[in-house]
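> In the working numbering, the protein residues as written are 15 to 165.
Please read through the structure below; I'll follow up with questions.
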């Protein structure tokens with residue numbers, strides 16, 4: 015059982031983030047290459063760059079979301095209900111599009127509009143994947159221990 019006031023420590027957050035990005039990269043690279051008209055190698059390299067950008071952003075976003083949720087509800091991430099999981103995932107992926115869209119334009123043969131659709135496609139794939147991944151991760155590795163209480 016998780017303790018009130020606990021959030022994931024840095025080690026757990028790094029494990030969560032790395033697994034999320036590695037599995038996502040393996041799932042998304044082949045269809046992205048096919049639909050973007052880029053080579054598999056170019057698609058892989060772009061998606062690695064996007065993964066790094068989103069990994070950095072994800073760690074910041076997830077920690078902030080967990081702290082806000084803890085302050086508002088007194089609930090830890092592993093006890094998060096469905097509605098909050100949906101809000102968490104949509105917020106993360108929407109903000110990620112704003113960070114990655116210009117990179118898709120810069121490193122593919124796609125124009126702004128096509129790149130937006132490609133990025134939205136990536137985002138929709140990651141929304142579904144993110145929900146399933148985080149639900150599974152929270153079940154396999156629930157939050158334990160104490161963390162600094164919110165002030």
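Virtual Cβ for every residue (Gly too), placed ideally from N, Cα, C.
Only counting the same chain, and skipping five residues up and downstream in sequence, which positions put a Cβ closer than 6 angstroms to that of residue 147?
Taking the first residue of the chain shown as position 1, residue 147 is located at position 133. The residues 34, in chain order, have a CB closer than 6 angstroms to that of residue 147 in the same chain once the five nearest residues on each side in sequence are set aside.
> Can you give the Cα-Cα distance for residue 117 and residue 37, rounded to whole angstroms?
Position 103 of the chain shown, counted from the start, is the residue given in the question as residue 117. Position 23 of the chain shown, counted from the start, is the residue given in the question as residue 37. Residue 117 and residue 37: Cα-Cα distance of roughly 21 angstroms.
> Who are the near neighbours of residue 151 in its chain, counting only those whose CB is closer than 6 angstroms to its CB and skipping five residues on each side?
If you number the chain shown from 1, residue 151 lands on position 137. The answer, listed in chain order, is 30.
> Could you tell me the distance, in whole angstroms, from the CA atom of residue 28 to the CA atom of residue 114?
If you number the chain shown from 1, residue 28 lands on position 14. If you number the chain shown from 1, residue 114 lands on position 100. About 21 angstroms.
> Name the residue from 132, 81, 126 and 106 whose alpha carbon lies nearest to the alpha carbon of residue 68.
Along the chain shown, one-based indexing puts residue 68 at 54. For the residues 132, 81, 126 and 106, the minimum Cα distance to residue 68 belongs to 106.
> Return helix, strand or coil for residue 156, following the three-state DSSP convention.
Numbered from 1 along the chain shown, position 142 holds the residue referred to as residue 156. If DSSP states are grouped into helix, strand and coil, residue 156 belongs with coil.
> Going by C-alpha distance, which of 64, 83 and 91 is nearest residue 155?
Against the chain shown, residue 155 aligns to sequence position 141. Taking only the C-alpha atoms, the option nearest residue 155 is 91.
> Near residue 21, which residues of its chain fall below 8 angstroms by C-beta distance, leaving aside the five closest residues on each side in sequence?
For the purposes of this step, residue 21 is taken as residue 7 along the chain shown, with counting starting at 1. If we look at residue 21 and ignore the five residues flanking it on each side, its Cβ neighbours are 77, 80, 81, 84, 90, 91, 157 and 161.
> Just the Cα atoms here: how many angstroms apart are residue 127 and residue 136?
Locating residue 127 in the chain shown gives position 113, where the first residue counts as 1. Locating residue 136 in the chain shown gives position 122, where the first residue counts as 1. If you take the alpha carbons of residue 127 and residue 136, they lie about 14 angstroms apart.
> Out of 140, 143, 60 and 102, which has the shortest C-alpha to C-alpha gap to residue 74?
Walking along the chain shown from the start, residue 74 turns up at place 60. Of the candidates 140, 143, 60 and 102, the one whose C-alpha sits nearest the C-alpha of residue 74 is 102.
> CA-CA distance, residue 149 and residue 97?
The residue labelled residue 149 in the question sits at position 135 within the chain shown. The residue labelled residue 97 in the question sits at position 83 within the chain shown. About 12 angstroms.
> So what does DSSP say about residue 150, is it helix, strand or coil?
Taking the chain shown and counting its residues from 1, the one referred to as residue 150 is at position 136. Helix.
> I need the straight-line Cα distance from residue 133 to residue 139, nearest angstrom please.
On the chain shown, residue 133 is found 119 positions in, with the first residue counted as 1. On the chain shown, residue 139 is found 125 positions in, with the first residue counted as 1. One C-alpha to the other measures close to 10 angstroms.
> With a Cβ-Cβ cutoff of 8 angstroms, do residue 49 and residue 61 count as a contact?
Numbered from its first residue, the chain shown carries residue 49 at position 35. Numbered from its first residue, the chain shown carries residue 61 at position 47. It is not a contact, given that the beta carbons lie outside the stated cut-off.
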